[in-house]
Each structure stands twice: as structure tokens, then as C-alpha cells.
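Undergrad: If you count by mature numbering (1 follows the signal peptide of the UniProt record, and there is no 0), then the sequence shown holds residues -17 to -1, 1 to 482, one letter each, in order.
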Amino acid sequence: MYKFVIGLLLMNFLVNAYNPTIYELSLRPWLYELTYKYGRKISKLNDIPMEEFQNLKDIGVDYVWLMGIWQLGQYGLDFDRAHANDYKSNLPDFTIDDVIGSPYAITEFVCNSELGTDQDIINLRQKLNDMGLKLMLDFVPNHSAIDSPYRTSNIDYYIRAPPNTPTPYDSEYYLPDGVSYGGDQWDGFWKDTAQWNYWNPDTRNYLKSVVKKIASMSDGMRCDMAMVILNDLFYNKWKPQLDAWGYKRPSTEFWSEAIKETKQQYPNVIFLAEVYWSKEQDLINLGFDYVYEKWLLDQQATLDVGKVRPILSNLDFNYASHSNHFVENHDEPRAIIKFGGKDYISCVAALMSYSLPGARFINHGQLEGLSNKLDVHLRRSYKENGSTYAKQFYGKILAILKRDTFKSGNWTQLNVTGDQYWKFFAFRWTSSSDKIVVIINFSEGSGYGLVKLSDASSGQQTITELMSGQTYVRSGDDMRNNGLGVIVDGWNAQIFKYF
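1. Would DSSP call Asn307 helix, strand or coil?
2. Is Trp238 helix, strand or coil by DSSP?
3. Can you find the residues in the same chain that come closer than 7 Å, C-beta to C-beta, to Gln37, ignoring five residues on each side of it along the sequence?
4. Could you tell me the distance, in whole angstroms, from the CA atom of Ile461 to the CA atom of Ile446?
5. Consult DSSP for Ile193 and reduce its assignment to one of helix, strand or coil.
6. So, Thr395 versus Gly432, is the Cβ gap smaller than 8 Å?
7. Return the first residue and the last residue of the alpha helix (DSSP H) that Glu16 is part of.
8. Look up Leu49 in the DSSP assignment and give the residues it is bridged to.
9. Here's a check: name, in chain order, each residue in its chain whose Cβ is nearer than 6 Å to the Cβ of Lys195, leaving out the five neighbours to either side.
10. Under a Cβ-count criterion, where at least 16 other Cβ atoms within 10 Å of its own Cβ denotes burial, should Val456 be classed as buried or exposed?
11. Which residues bound the alpha helix (DSSP H) around Arg386?
12. Name the two residues that bound the continuous alpha helix (DSSP H) containing Leu266.
13. What residues in its chain sit with their C-beta under 7 Å from that of Gln443, if we drop five residues either side in the sequence?
14. By Cβ distance below 6 Å, which residues in the same chain neighbour Lys435 in space, the five residues on each side in sequence not counted?
15. Over what stretch of residues does the alpha helix (DSSP H) that includes Asn38 continue unbroken?
16. Exposed or buried, what is Arg187 when buried is set at 16 or more other beta-carbons lying within 10 Å of its beta-carbon?
17. Taking 8 Å as the threshold, find out whether the stretch 21 to 40 comes into contact with the stretch 377 to 387 through three or more Cβ pairs.
18. For Ala177 and Leu266, which I take to be in contact (beta-carbon distance under 8 Å), what is that distance rounded to the nearest angstrom?
19. For the alpha helix (DSSP H) that contains Leu58, what are its first and last residues?
20. Does Leu(-8) come out as helix, strand or coil in the three-state DSSP assignment?
21. Out of Pro3, Lys243, Tyr70, Gly43, which has the shortest C-alpha to C-alpha gap to Arg362?
22. Taking three-plus beta-carbon pairs below 8 Å as touching, is the stretch 58 to 77 in contact with the stretch 12 to 26?
23. Closest by CA to Val211, which one among Val252, Lys390, Ala318, Phe172?
24. For Lys220 versus Gln168, is the C-beta spacing smaller than 8 Å?
25. Can you name the start and end residues of the beta strand (DSSP E) that Ser415 belongs to?
26. Considering just the uninterrupted stretch of the alpha helix (DSSP H) at Leu116, what are its terminal residues?
27. Please list the terminal residues of the continuous beta strand (DSSP E) segment that includes Thr445.
28. Could you name the residues that DSSP lists as bridge partners for Arg292?
29. By the 10 Å Cβ neighbour count, where 16 or more other Cβ atoms means buried, how is Asn2 classified, buried or exposed?
30. In terms of residues, what are the limits of the alpha helix (DSSP H) holding Ser336?
31. Could you tell me the distance, in whole angstroms, from the CA atom of Trp278 to the CA atom of Ala256?
32. Considering only C-alpha positions, which residue in the set Lys374, Pro149, Arg11 is nearest to Ile83?
33. Mind checking whether Gln284 and Cys330 have CB atoms under 8 Å apart?
34. Indicate whether Leu111 and Leu120 have their beta-carbon atoms separated by less than 8 Å.
35. Identify which residue in Ser415, Ala409, Leu107, Tyr481 has its Cα closest to the Cα of Ser440.
36. Reducing DSSP to helix, strand and coil, say where Tyr404 ends up.
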């Protein structure tokens, strides 16, 4: 059995940054879903019933990310429909009308005309702000759609084949005019996109203006594959083209400039980076408020508590508080699938992630325990009922996590002692109004452990297990000196409020 030092120092931090809950909605599929729910056509931003957003507010959501709001082109739609058989694995009964084009092949950063106008986005944001919600939008930095007007008006904004390249250009890499398909060093090329040239100062200035425009219309932006435009990675991918055209390495990173300049005008806008390849801390250093944190998820998915423990025992608070914690998003398999079809394990993994400081990320359909993935190119996923267990579990924990204590309290990682300590993780959140401890058994079979609560008040007190509502009378002195004794079922948790 995996052993760990019981005497690990406690980690106790004031969470200075707000710990928001971010909810992802794939916008066009969501409108399609609402059309059937309400029995009338809902295809525009102005058509969305505001009670849908109120429902999200009521469960503790802070930011609504409307993924896929910008203008798309005909090229991307035609391309995706020509490859429609690729979608059978996610939607066996798809029709060609279900293929709606990738939301990441953007022609211009203006509202998709099928959804409304820029002013409609601004108006929706105001309505959301009035009800206490914030709006998050996409910024796709790496590439444009192939039929972006800038490919005609400003071809030098793009990576192009070296001047001495024989024509016709190799269609595996280039469009007929020599502009490269969008891509990165690991994933090859996305042939519905054209690659921006980040070593051209004019391109940078244009894209910084886009960032500022998005900030003027929203409260935050999720930046797609944010690491691929870092100078080193960009040069690794595009060295032959950059050298051949004589482009010089920029003296600063794009993100450092863009975030600094944008926050001078819009100080409250937040930046969320989709990031992998061990570049998370680099992007935090460049100014991102939150970065994707996939390390913990990948270890959780092994179902091996011994692989999860090093991640949490070596947790850096600054990193955690800038992390975006998730168990699924539109790129990942559904959480239940990620955890081997076991809804109860996916749920306790989510609670573990959401018990850490940082942003808490929820994907539409996650709370219902859906298993079928919604492909970003499609307007619907395969119909299913979801998981009753997941619905009930998330209903309980979200009611707890929306407390102010979990938004802006003090966070501590606690030791669990006893022969079965290796099964457990414990996290304490405290504020002027609450003392709460989350105790998780991330293993098969029930376990017993003791959790010392150094701040427990003296004397007898009634403590409440918040998920069940059950109360217990315990000695505060005993909890402080010896520990709160708990028996927790396998792949489950208990959350106690004490004094």
C-alpha cells in the first residue's frame, strides 16, 4: 500500500482571490436544446429565457461562459459536413443538419449573425450583471477561419510558405495562396483554419485590439490553447517560415502585453487559459487569473489514491488559487466516462477538485450525469436520461459550495491519522461565519480516520454533516486534541460544519 508521512505540515492559507464557479454552455447546441424544452424556436441571444440564467445563479454559478458566440464562415461548415462520418462515434443518429461547424474557426470577432449582434451581447451581459452573474466569452488566439476577410486584406498577418517554396504549394500544409493552415507542434494542422503570425507586430497589435474589444463586452475570456503562441513554442513550430521571411523574435510575450494593456482599461476582466504541456505556471506569471489544471484530473482518473496524494501533498497554494479545477469540459470525455462509467467516483473526484482554492469549472450536462459527449461541431448529443446519483450528489454539494466560506474563506489541508489514513483527504474552509471540513475517502471500501480541528471551540457542541443534514454532539476539546473521528464509505465524502 502506498505510504505517506503522517506528519506532513498543514497548509493554511487565506484565499485572497475570489474562487468563482464557471459554467460552460456550448451556445448554439444549448439554444437548440432550449427550443425543445420550451416548445418554441429559440435561436437568438434575445430569445433566451432569463430564468435559465437565474437557475444557474441559484446553484452558485458566478461566470457563464457562452462558448461559440463569434462569427463563423461557410468554409468551415462545408469542411465539417464533408467529414460528417467522423461524428458517428458521438452521435450515431446524426443528420447533416446536426453539423453546425466548429466554433473555433472564427472569421471575425463579431457576434455570429445567426445569434444576434454585438449590441445584443452587451445587453445580455448587462442583464446577467443585474442578476449577479458575469459573462465569459471566447478568445481564440492561434488562428482564424480560412475565409476570414483578413486573409485577403492583410495576408501578412498570417504564417506563409517561405518565398522560395515551389508552387503549387503542398496542400498538406498550405492553402493555394501560401498561407499555412493553423496548427501547433503536437496536434498537426486544423484544416478549417489559417495560422496567425505572432512575430509580425501588426498581427499582434490587431489581436491585442480584439482582446480589448472582448473585454469591453464581457467580464472574462477563456483563451483557447493559450500556450501555443508563447515565443519558444511558436518558433519551434514555425521556424522555417519565420526565418525565411526575416521575422525577429519579439522581446516580450504576447500575453504579457495583451493582459497588462487590457487590465489597464478593464481591471475587473478575468483571463482563463486553456493550457497543457507544463506551461501552466508560465501563463500565471504572464498575468492569467486562472489556468486549466489537468494534472490532478489525470491522476484521479487512475483510481489510485497513491497517485493522487503526491499532487495534493505537494500542492503550491499560489498555483492552486490560479487553477481552473474540472472533471470535464467540451474537449474531455464526460466525467462518468473518464472514471470508467462509475458516476459515484466521478462525483467524489469533482468534490475533491472543488474543495481546493481556485476556479471551479462545470460543463453543461455534468450536473445531470450525462455520459454522451457533445462534439463541438454538432448541435446535439445522443439523448439520454443521465445519472440520478450524480444529480442528487451535485445538488447537495453545490448548495454547500456556494457559501461565502468556499468563495473567499481561509483554506487548510489537514492530516488524517489512523491506520487507514492513506484512504483520506481533508480540507478545511473557515470564515467569520463558518468552520467547515471536507473529508474524502478516495478508495474502495469504508475507512476510519481522525481529523484534528485545531480551531474547534471548547465544550460540547452540535456538529452537522451537511450532505445528510445529520447532527452529532461532540466535544470541541476532543476534536481539537485527538481529532474528529469519521467513518466514510468508499468513494464518498462527509462535510461537517462545527464551531
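Ideal Cβ positions, reconstructed from N, Cα and C, are used throughout, including at glycine.
Treat the numbers as computed from the prediction; the structure is a model and nothing was measured.
TA: Let's see:
1. Position 324 of the sequence shown, counted from the start, is the residue given in the question as residue 307. In the structure shown, Asn307 sits in a strand (DSSP, three-state: E or B).
2. As a first step, residue 238 is located in the sequence shown; it is residue number 255 there, counting from the start. Trp238 falls in the helix class under three-state DSSP.
3. Start at 1 with the first residue of the sequence shown, and residue 37 comes out as number 54. Within the same chain, Gln37 has close Cβ partners Met114.
4. The residue labelled residue 461 in the question sits at position 478 within the sequence shown. The residue labelled residue 446 in the question sits at position 463 within the sequence shown. For the record, residue 461 in the displayed sequence is Asp; it is not Ile. Approximately 13 Å, taken between the alpha carbons.
5. Taking the sequence shown and counting its residues from 1, one reaches residue 193 at position 210. A quick correction: the sequence has Val, not Ile, at residue 193. In the three-state scheme derived from DSSP, where H, G and I count as helix and E and B as strand, Val193 is classed as helix.
6. Residue numbering aside, residue 395 sits at position 412 when the sequence shown is read from its first letter. Residue numbering aside, residue 432 sits at position 449 when the sequence shown is read from its first letter. The answer is no: Cβ separation not under 8 Å.
7. On the sequence shown, position 33 is the one that residue 16 refers to. Here the alpha helix (DSSP H) through Glu16 covers 10 to 21.
8. Within the sequence shown, the letter at position 66 stands for residue 49. The partner list for Leu49 (beta bridge, DSSP) reads Leu8.
9. Reading the sequence shown from its first residue, position 212 is the one you call residue 195. Once the five neighbours on either side are set aside, the close Cβ partners of Lys195 are Thr245.
10. On the sequence shown, position 473 is the one that residue 456 refers to. Label assigned to Val456: exposed.
11. By one-based count along the sequence shown, residue 386 stands at place 403. No alpha helix (DSSP H) holds Arg386; DSSP gives it neither H nor E.
12. Here residue 266 corresponds to residue number 283 of the sequence shown, with the count starting at 1. Leu266 -> alpha helix (DSSP H) spans 263 to 268.
13. One-based indexing of the sequence shown puts residue 443 at position 460. Counting only Cβ-Cβ distances below 7 Å, and skipping sequence neighbours, we find Val456, Ser458.
14. Sequence index remark: in the sequence shown, residue 435 carries index 452 (1-based). Answer for Lys435: Gly466, listed in chain order.
15. In the sequence shown, the residue the question calls residue 38 occupies position 55. Element bounds for Asn38: 33 to 41.
16. Position 204 of the sequence shown holds residue 187. It is buried - the Cβ of Arg187 has at least 16 other Cβ atoms within 10 Å.
17. no
18. On the sequence shown, position 194 is the one that residue 177 refers to. On the sequence shown, position 283 is the one that residue 266 refers to. That pair is no contact at about 24 Å.
19. Here residue 58 refers to the residue found at position 75 of the sequence shown. It should be pointed out that residue 58 corresponds to Tyr in this sequence rather than to Leu. It spans 57 to 65 - the alpha helix (DSSP H) in which Tyr58 sits, taken as one unbroken run.
20. To locate residue -8, count along the sequence shown from 1; it is residue 10. At Leu(-8) the pLDDT is 41, less than 50, meaning the model places this residue with poor confidence; the figure from the coordinates comes in the next sentence. Leu(-8) falls in the coil class under three-state DSSP.
21. As a position in the sequence shown, residue 362 is number 379, starting the count at 1. Ranking the options by Cα distance to Arg362, first place goes to Tyr70.
22. No: fewer than three Cβ pairs fall under 8 Å.
23. Numbered from its first residue, the sequence shown carries residue 211 at position 228. Ranking the options by Cα distance to Val211, first place goes to Phe172.
24. Taking the first residue of the sequence shown as position 1, residue 220 is located at position 237. Taking the first residue of the sequence shown as position 1, residue 168 is located at position 185. Against a cut-off of 8 Å, the Cβ pair of Gln168 and Lys220 comes out as a contact.
25. Position 432 of the sequence shown, counted from the start, is the residue given in the question as residue 415. First-last for Ser415: undefined, no H or E at that position.
26. For this step, residue 116 is matched to residue 133 along the sequence shown. Counting along the chain, Leu116 falls outside any alpha helix (DSSP H), and DSSP gives it neither H nor E.
27. Within the sequence shown, numbered from 1, the residue matching residue 445 stands at position 462. Looking at the DSSP string, the run of the beta strand (DSSP E) that includes Thr445 is 443 to 448.
28. On the sequence shown, position 309 is the one that residue 292 refers to. Paired residue(s): none; Arg292 is not in a bridge.
29. What you label residue 2 is simply residue 19 of the sequence shown in a count that begins at 1. Buried, because 16 or more other Cβ atoms sit within 10 Å of the Cβ of Asn2.
30. Along the sequence shown, read from residue 1 onward, the residue named residue 336 stands at position 353. Segment 326 to 337, the alpha helix (DSSP H) holding Ser336.
31. If you number the sequence shown from 1, residue 278 lands on position 295. If you number the sequence shown from 1, residue 256 lands on position 273. Their backbone Cα atoms lie some 15 Å apart in a straight line.
32. Here the question's residue 83 lines up with position 100 in the sequence shown. With distances taken between Cα atoms, Ile83 lies closest to Arg11.
33. For the purposes of this step, residue 284 is taken as the residue at position 301 of the sequence shown. For the purposes of this step, residue 330 is taken as the residue at position 347 of the sequence shown. The question names Gln, but residue 284 is Ala in the sequence shown. With respect to Cys330, Ala284 sits apart: the two C-beta atoms are not nearer than 8 Å.
34. Locating residue 111 in the sequence shown gives position 128, counting from the first residue. Locating residue 120 in the sequence shown gives position 137, counting from the first residue. It is not a contact, given that the beta carbons lie outside the stated cut-off.
35. Counted from its first residue, the sequence shown places residue 440 at position 457. Measuring from the Cα of Ser440, the nearest candidate turns out to be Tyr481.
36. Position 421 of the sequence shown, counting from 1, holds the residue named residue 404. Helix, per DSSP.
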